[in-house]
Amino acid sequence: MKALLILILATTAAFAQTVHYKSDFKNTIDHWIGWNDDPQVNIKLEPTTEDGKPVLQLTGPGGWITPILTLEKPVKCTPKTMIKFKIWATDQIVCDVNILNVEEQAYYAIYFDVPAKTWVSVSRYLAKAPYKFQGKPDIPNDGLLGDHIGSFQIAVKGTKALVADVELLEADDEPEFPPEPQSVIQARKQREEERKLVQELLDKAPILDYPCLRRNGFFTYSVVSRVDANRTKSTQFGEDLEDSLLRDLVDMKRHYINSYYDFCTGTEGWELRLKQSEQTGVLLIETMFSHVYFPEASQKDLDIFHKAKTSPALLAWYGRDEPAGSQLKPYLINKAWVSENDPIHPYTSAFHLGHVRDLLGKAMEVMIPDIYSLRPNTPKNQADIILQHAAITANVRESTAKKRVWFMTQTFSNRHQSKPGQAHFSSRYPTPLEMRLDLYACIAGGASGISFFIYNDHVPFLGGYRGEKFDYTLVDPWGNGNEVYDEIADFGKKIVPIMPSIMDALPNRDLAVECDSTNFLITQFKGEMGYVIYVVNKSLESDKAATLKFEIPADHALYNLVELAKVQDPKNVKVNLGPGYGLVFAVATQQNFNTIKNETNQRIQLDQEQLARIRQDELKKAGFNNAPTKEWLDAEMHLEKVKQTFGDLYQLLVLPDNIVKIDGGKDFEELNNTVQDLSKSYFKARKQHANGTIPTKKSLDDLIVKINQLKDDYANKFP
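First residue of the sequence shown? That's 1089 in this note's numbering, and the numbers climb one at a time after it.
1. Is the beta carbon of residue 1378 closer than 8 angstroms to that of residue 1539?
2. When we look at the beta-carbon of residue 1559 and count the other beta-carbons within 10 Å, is it buried (16 or more) or exposed?
3. What are the boundary residues of the alpha helix (DSSP H) that residue 1313 is part of?
4. Considering only residues of the same chain and omitting the five flanking positions on each side of residue 1127, which have a CB-CB separation below 8 angstroms?
5. Out of 1617, 1755, 1731, which one is the CA nearest neighbour of residue 1789?
6. Just to check my reading of the structure: residue 1759 and residue 1791 have Cβ atoms closer than 8 angstroms, yes? What is that Cβ distance to the nearest angstrom?
7. Can you give the beta carbon distance from residue 1577 to residue 1343, rounded, assuming they're within the 8 angstroms contact cut?
8. Once you ignore the five residues that flank residue 1180 on each side, which residues in its own chain have a CB closer than 6 angstroms to its CB?
9. Quick one, which of 1237, 1409, 1537 has its alpha-carbon nearest residue 1437's?
10. Taking residue 1144 and residue 1250 to be in contact with their CB atoms under 8 angstroms, please state how far apart those CB atoms are, rounded to whole angstroms.
11. Measuring alpha carbon to alpha carbon, tell me which of 1170, 1615, 1569 ends up nearest residue 1589.
12. Please look up how many angstroms separate the CB atoms of residue 1199 and residue 1182, rounded, as I've assumed it's under 8 angstroms.
13. Report the option in 1323, 1479, 1352 whose CA atom is closest to the CA atom of residue 1374.
14. Note down the Cα distance separating residue 1435 from residue 1420, rounded to an integer number of angstroms.
15. Within 10 angstroms of the Cβ of residue 1151, are there 16 or more other Cβ atoms? Answer buried if so, exposed if not.
16. What does a CB cutoff of less than 6 angstroms around residue 1225 pick up in its chain, not counting 5 residues either side in sequence?
17. Could you check the C-alpha separation between residue 1350 and residue 1774 for me, to the nearest Å?
18. Checking the sheet assignment: what are the DSSP bridge partners for residue 1512?
19. Could you check if residue 1568 is buried or exposed, using at least 16 other CB atoms within 10 Å of its CB as the buried criterion?
20. Please name the residue, chosen from 1119, 1801, 1187, 1201, that lies closest to residue 1213 on a Cα-to-Cα basis.
21. Below 7 angstroms CB to CB, which residues in the same chain sit around residue 1746 once its five sequence neighbours on both sides are set aside?
22. With a 10 Å radius around its C-beta and 16 neighbouring C-beta atoms as the bar for buried, classify residue 1245 as buried or exposed.
23. Just the C-alpha distance for residue 1491 and residue 1448, rounded to the nearest angstrom, thanks.
24. Is the separation between the beta-carbon of residue 1086 and that of residue 1636 shorter than 8 angstroms?
25. Note down the Cα distance separating residue 1804 from residue 1756, rounded to an integer number of angstroms.
26. Residues bridged to residue 1133 by DSSP?
27. The beta strand (DSSP E) that contains residue 1492, what's its start and end?
28. Does residue 1545 pass the burial test, meaning 16 or more other C-beta atoms within 10 Å, or should it be called exposed?
29. So for residue 1323, helix, strand or coil by DSSP?
30. Relative to the C-alpha of residue 1547, which residue among 1795, 1252, 1322 is closest?
31. Along the alpha helix (DSSP H) that carries residue 1241, what are the first and last residues, could you check?
32. Which of the three DSSP states, helix, strand or coil, is assigned to residue 1165?
33. Just to confirm the assignment: which complete beta strand (DSSP E) runs, minimum length 3, are found wholly within the stretch 1354 to 1381?
34. Would DSSP call residue 1160 helix, strand or coil?
35. Does the stretch 1615 to 1631 come within contact of the stretch 1658 to 1676, defined as at least 3 CB pairs closer than 8 angstroms?
36. What's the C-alpha gap between residue 1679 and residue 1584?
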């Protein structure tokens, strides 16, 4: 009997299927997000299957409805990897499942027909999925087999879609795979026409060698700043606009941010932006012509362009934001015009569509992929999700003409609210650990710059300016930062000064580097100064230790670039890195290391001098030629406490359940007015202090008491 039982168990195990994912919507609905042409997609459960199990329901205003699942851990695709699900939609159309190939950062598609208002069962082997117009041009789009699946999207059309019984598994029986629909063939033809267009325009606009992109040029460490939010807050809070902009730039500088984008503000205030950028040393990536077609530009715009391009504070020009395929021709014509009229400052944009990055890559000196990976249901501190940014950076870099990538990453939470009390949250704020790993992963992938979207926004509950709102950003409306901003500053202080000296290095595998641990991401590059090796702790859970062994060429030595010091024993290098941290090593000649060291120290010294000069300007404005008085310094610290008290209030207000009620809710109108009144008092006191008039301790203490009382009054409105 015992032998028979063992035989039964063995037989069962032999035929058991490996299930990578199986939907349990009742407990895991938060793992799914919905995408639509309009972001207002609502997700909930509906018990409609024959067995009464809850299914995923998505509703929207019409058009595409796409439930999306990002796997907690990528799954390797084998010949037997299959996806199965049931689908129901209001419209009849050819639909598809888009599967992300992690290694290629390309999508592969499975096509299927959906009759209107009819349940359809779909089961497909993924190894046969055809390539779908995205990914790195010089990597053969050879299918998913052997690569890893990072996510999948089920795209249908209508005002409502239902999804049931989703499984990703290793199956046994192979179903028939249908041919590509005519719509797919036509789309492929359109992509080829777009590629021909890019090549024709590229022939008329040769790639330029911009000074800022050369070795020892400029490693952009940038934020996107909403100057229109400063303008609005100047009315709401009574802070002078010029003071507000300068305060933000000084704050950026003190967090080791070296450049910023003025987010699509137009020409208004352009002279002030450049003046203050020059004053603080925070260079400007100017967006004022992002919606101008230069061949038809007004004389006023042309005059401004030619004046602005002479400013030492200008770093680059920003074209149309996130251009789509239909906008490629005017985009490239604009780029050609700027290249001809300003050979010093590159022209680029954020590109969110993979196929557009592919098409434009060989026409761009530098490209900005904006990759926002964190959704409300994304597990926190999931390293695999962040590490994908290294692969994306590497892919985009290799498809870009001058091998330069300014990776733009996520520093926001995103909410869409069409009316009070209703909201759809589409993104969440990163954790400090996620941000740390993101930074080191990006440079390990070959980034020559990193940008953060977004630095600030309108006061979300005092505006109602648009349906899309960013509640959490790098700073709150009063200028308080957070732990994510602290991580960015730490990286900016320690790592960014090194990067321009090694920015020319290209991917390389010539140098033998051994590691006795699989816990580290290790990448290698080679440039004019020698070899560069990045070592990053892939874990966001714990410290990781390892021993590294480097094979060093003759006349070379191993150097730790973070410490700017020689490593004595390159065959026995002990590393112990905290979660998400990284190191940068160089294998170089003594002369080349000295060059890197001197250049890095010069950049550090320049930063220190600029910060010291900013402080001297502040003291001079307050009337101090030498040291400030103790009373003035005490008041400065007291004003900081007031600011932090506003920050504590804000953390209560932007809790998701609270902000939905506050934003536009009539019950909060009086409290919101009080926020503005107290803020006006605070910024008035700041201005007085900046000009040398010291606010009394009692007035600032009273302000702190009133803010805390306001916090209690808000809290009493919540259950």
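Quick reminder that beta carbons are idealized off the backbone N, C-alpha and C, glycines included. Quick caveat, the model's predicted, so the values are computed rather than measured.
Once the coordinates are examined:
1. The sequence position of residue 1539 within the sequence shown is 451, counting from 1. The sequence position of residue 1378 within the sequence shown is 290, counting from 1. It is not a contact, given that the beta carbons lie outside the stated cut-off.
2. Here residue 1559 refers to the residue found at position 471 of the sequence shown. Under this definition residue 1559 is a buried residue.
3. Position 225 of the sequence shown, counting from 1, holds the residue named residue 1313. Here residue 1313 belongs to no alpha helix (DSSP H); instead the beta strand (DSSP E) covers 1308 to 1313.
4. Start at 1 with the first residue of the sequence shown, and residue 1127 comes out as number 39. Note on residue 1127: pLDDT 48, under 50, position unreliable in the model; no value is reported.
5. Position 701 of the sequence shown holds residue 1789. Of 1617, 1755, 1731, the residue nearest in Cα terms is 1731.
6. Working through the sequence shown from its first residue, we reach residue 1759 at position 671. Working through the sequence shown from its first residue, we reach residue 1791 at position 703. Not quite, the Cβ-Cβ distance comes to about 16 angstroms (not below 8 angstroms), so this is no contact.
7. Here the question's residue 1577 lines up with position 489 in the sequence shown. Here the question's residue 1343 lines up with position 255 in the sequence shown. Rounded to whole angstroms, the Cβ separation of residue 1577 and residue 1343 is 4 angstroms, and the two are in contact under 8 angstroms.
8. The residue you call residue 1180 lines up with position 92 of the sequence shown. The answer, listed in chain order, is 1203, 1204.
9. Taking the sequence shown and counting its residues from 1, one reaches residue 1437 at position 349. For the residues 1237, 1409, 1537, the minimum Cα distance to residue 1437 belongs to 1409.
10. Counting from one through the sequence shown, the residue named residue 1144 turns up at place 56. Counting from one through the sequence shown, the residue named residue 1250 turns up at place 162. At roughly 7 angstroms, the Cβ-Cβ gap stays under 8 angstroms, so residue 1144 and residue 1250 are in contact.
11. As a first step, residue 1589 must be located in the sequence shown, where it is residue number 501. In terms of CA proximity to residue 1589, 1615 leads the group 1170, 1615, 1569.
12. Position 111 of the sequence shown, counted from the start, is the residue given in the question as residue 1199. Position 94 of the sequence shown, counted from the start, is the residue given in the question as residue 1182. Contact between residue 1199 and residue 1182 holds: CB atoms are separated by about 6 angstroms, below the 8 angstroms threshold.
13. For the purposes of this step, residue 1374 is taken as residue 286 along the sequence shown, with counting starting at 1. Shortest Cα-Cα distance from residue 1374 to any of 1323, 1479, 1352 involves 1352.
14. Mapped onto the sequence shown, residue 1435 falls at position 347. Mapped onto the sequence shown, residue 1420 falls at position 332. Separation of residue 1435 and residue 1420 (C-alpha to C-alpha, rounded to the nearest whole angstrom) is 10 angstroms.
15. Position 63 of the sequence shown, counted from the start, is the residue given in the question as residue 1151. With fewer than 16 Cβ atoms within 10 Å of its Cβ, residue 1151 is classed as exposed.
16. The count along the sequence shown starts at 1 and reaches residue 1225 at position 137. In this predicted model, residue 1225 has a pLDDT of only 49, less than 50, meaning its place in the structure is not dependable; the value taken from the coordinates is given anyway. The beta carbon of residue 1225 is closer than 6 angstroms to those of 1446, 1487 in its chain, skipping five residues each way along the sequence.
17. Position 262 of the sequence shown holds residue 1350. Position 686 of the sequence shown holds residue 1774. Roughly 24 angstroms between the two C-alpha positions.
18. On the sequence shown, residue 1512 is found 424 positions in, with the first residue counted as 1. Residue 1512 is bridged to 1504.
19. Along the sequence shown, read from residue 1 onward, the residue named residue 1568 stands at position 480. So residue 1568 counts as buried.
20. If you number the sequence shown from 1, residue 1213 lands on position 125. If we check each option's Cα against that of residue 1213, 1187 comes out closest.
21. Counting from 1 along the sequence shown, the entry for residue 1746 is found at position 658. The beta carbon of residue 1746 is closer than 7 angstroms to those of 1740, 1806 in its chain, skipping five residues each way along the sequence.
22. Counting from one through the sequence shown, the residue named residue 1245 turns up at place 157. Burial is judged here by how many other beta carbons sit within 10 angstroms of a residue's own beta carbon; residue 1245 has at least 16 and is buried.
23. The residue you call residue 1491 lines up with position 403 of the sequence shown. The residue you call residue 1448 lines up with position 360 of the sequence shown. Across the structure, residue 1491 and residue 1448 are spaced so that their CA atoms are roughly 13 angstroms apart.
24. Coverage of the chain is limited to positions 1089 through 1807, which leaves residue 1086 absent and any answer about it impossible.
25. Against the sequence shown, residue 1804 aligns to sequence position 716. Against the sequence shown, residue 1756 aligns to sequence position 668. The straight-line gap from Cα to Cα measures roughly 11 angstroms.
26. The residue given as residue 1133 occupies position 45 in the sequence shown. Paired residues: 1144.
27. Position 404 of the sequence shown holds residue 1492. Residue 1492 -> beta strand (DSSP E) spans 1492 to 1498.
28. If you number the sequence shown from 1, residue 1545 lands on position 457. Burial of residue 1545 is indicated by the presence of at least 16 other C-beta atoms within 10 angstroms of its C-beta.
29. Within the sequence shown, residue 1323 is the residue found at index 235, counting from 1. Helix, per DSSP.
30. Position 459 of the sequence shown, counting from 1, holds the residue named residue 1547. Taking only the C-alpha atoms, the option nearest residue 1547 is 1322.
31. Within the sequence shown, the letter at position 153 stands for residue 1241. Not the alpha helix (DSSP H): residue 1241 falls in the beta strand (DSSP E), residues 1236 to 1245.
32. As a working mapping, residue 1165 is identified with position 77 in the sequence shown. Residue 1165 falls in the coil class under three-state DSSP.
33. If only complete runs of 3 or more residues are kept, the stretch 1354 to 1381 shows the beta strand (DSSP E) at 1371 to 1374, in order along the chain.
34. Here residue 1160 refers to the residue found at position 72 when the sequence shown is read from its first residue. Looking at residue 1160 - three-state DSSP - the assignment turns out to be strand.
35. Yes, the stretch 1615 to 1631 touches the stretch 1658 to 1676.
36. As a working note, residue 1679 is residue 591 in the sequence shown. As a working note, residue 1584 is residue 496 in the sequence shown. In this structure, the alpha-carbon of residue 1679 lies about 22 angstroms from that of residue 1584.
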